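Below is one structure, written out as structure tokens; comments come after it.
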Amino acid sequence: MAKLTHLLSDIQIRNWVSKGAAIARSDGDGLTFTLSAAGTATWVLRYRLGKGRRRELTIGNYPDVSLSAAREKARVARVAIDEGRDPAIEKQEEKRRTQAAWTLRELISDYREKCLLPTEFAQDTIDYRNRDYDQVIIPRLGARPVQRITPIDIVAMIEDCNRTWTVSKRILTSASQLFDHACGLKIIAANPCTGVKLKAIKGPRPPIRKRVMLLEDELRELLPDIDFIGTENALAFLILLATCVRGIELARAKKEHIFLDRGMWWVPDESVKTRRGFLVPLTPVVVEWFRALFELSGESRYVLPARQERRRRNKGGDTHVGETTLWAAIRRAFERHDIEIRKFTPHDTRSTAKGHLRNMGVSWEESEVALNHKLGELDDIYDVREERPERREALEKWCEFIVACKTGAPTPAFVKKTPNNLIHLFSQTKVA
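Note that the UniProt record's numbering has the sequence shown beginning at 1, numbered continuously upward.
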């Protein structure tokens, strides 16, 4: 008995696609039109080899592959089946052969599409990975077949680009992630970055800059007239100091995430180094600092909108300040000799807070929560609270101390005094 074929028509298919309901309809002799609930229309050929189990070959998506083209592709596949070949396996082998011939530029394109995503990495990480690929790796190795790149090529690339030790380490990491991806695609059997030691290429790692913990006397010198760095910068610095957040989290803050009436600020996943959003409790004085920034920011959706037209133009309109804006203002103040205390950066607000919180009797764990540090895998799994009372309690103490330093009020009784000629242990600890 002859097999029924050509059961479908273009009109039927267009009607099904316009309705959007999930269906599967046969055109005969194994060729099937499928439409998923998500709206993806696909041609599939279902077949058996001898008495083996049922197999499927994806021919292509509609409308990229028309009805007539799907029939022709199915006919060619059936010829292979009649000859005892398996078209699904042949398609997989052809894909592997194509990938095996990839250049590094093609591998980077695939890695960007599949892996370098905002759901997986912070935007800063995505940006500097792309810079490493576009400015260093592609110009030197982009045209080379992935399979022919060796550890010697990796070493030569790092030597040739002549970057600092820290940036070279980042470039090596960016390259290593690419070749891990190639291993996952079975293009190569081993990562050529494995075993490459930066110390052998550029010598020992330079000393890491020690974090600064500003002492009480320094805060009392700095904070009363902090407006000399500019009103917006001064308010940003005070909020950064009082909330213990990272500078990038404040720079990207949107008004829609700050609830002044409730004294809460939601920092979304995409702004957080750990990729996990969190709530920051706001004390009354911090609410007022935010309220002042709201008024200064006008119609912008950002708390700290960009101040230069060029930045707004480059970013396509309303956007936030640059992530180094506050740091640049503080640096200029030191260059003008407007600040007479030890040099510090905005990130040192976190080490400053950490040290003083411990001096106030706040436990190590509570001080880590205040800085939104990860406490460990089990804590991440089981403690799923968004509102953490211990964070609010710690920040209330810390803000009371900051206000005392700014206004000249007496030191709160809960603060343990540390001799001014001693630098607290935390001033020599790197805080992320």
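All residues carry an ideal CB built from backbone N, CA and C; glycine is no exception. Small disclaimer: the values here were computed from a predicted structure and weren't measured.
- In the DSSP assignment, W102 falls outside any alpha helix (DSSP H) and carries neither an H nor an E.
- By alpha-carbon distance to S174, the top candidate from A413, I158, A189 and V245 is I158.
- When rounded, the separation of the alpha-carbon atoms in K51 and G84 is 12 Å.
- Taking all protein chains shown into account, V79 has fewer than 16 neighbouring C-beta atoms within 10 Å of its C-beta and is therefore exposed.
- With a beta-carbon spacing of about 12 Å, L293 and A251 fall beyond the 8 Å limit used to define contacts.
- Contact between K273 and A122 holds: their C-beta atoms lie close to 6 Å from each other, under 8 Å.
- In the structure shown, the three-state DSSP call for N314 is helix.
- In this structure, DSSP gives M360 a state outside helix and strand, which the three-state scheme calls coil.
- Taken through DSSP and simplified to helix, strand or coil, M213 comes out as coil.
- In this model, P118 and T5 are separated by some 46 Å (Cα to Cα).
- DSSP, reduced to helix, strand and coil, places L172 within a helical segment of the structure shown.
- Counting along the chain, N233 sits inside the alpha helix (DSSP H) bounded by residues T231 to T243.
- For the 8 Å CB-CB criterion, I171 and D132 form a contact.
- By the beta-carbon neighbour count (other beta carbons within 10 angstroms, threshold 16), W364 is exposed.
- In the structure shown, D29 adopts coil according to DSSP, grouped into three states.
- In the structure shown, the three-state DSSP call for A41 is strand.
- With contacts defined by Cβ atoms closer than 8 Å, F401 and P412 form a contacting pair.
- Within 10 angstroms of the beta-carbon of D338 lie fewer than 16 other beta-carbons, which makes it exposed.
- In the structure shown, L395 adopts helical secondary structure according to DSSP, grouped into three states.
- In the structure shown, E56 falls within a strand segment according to DSSP collapsed to helix, strand and coil.
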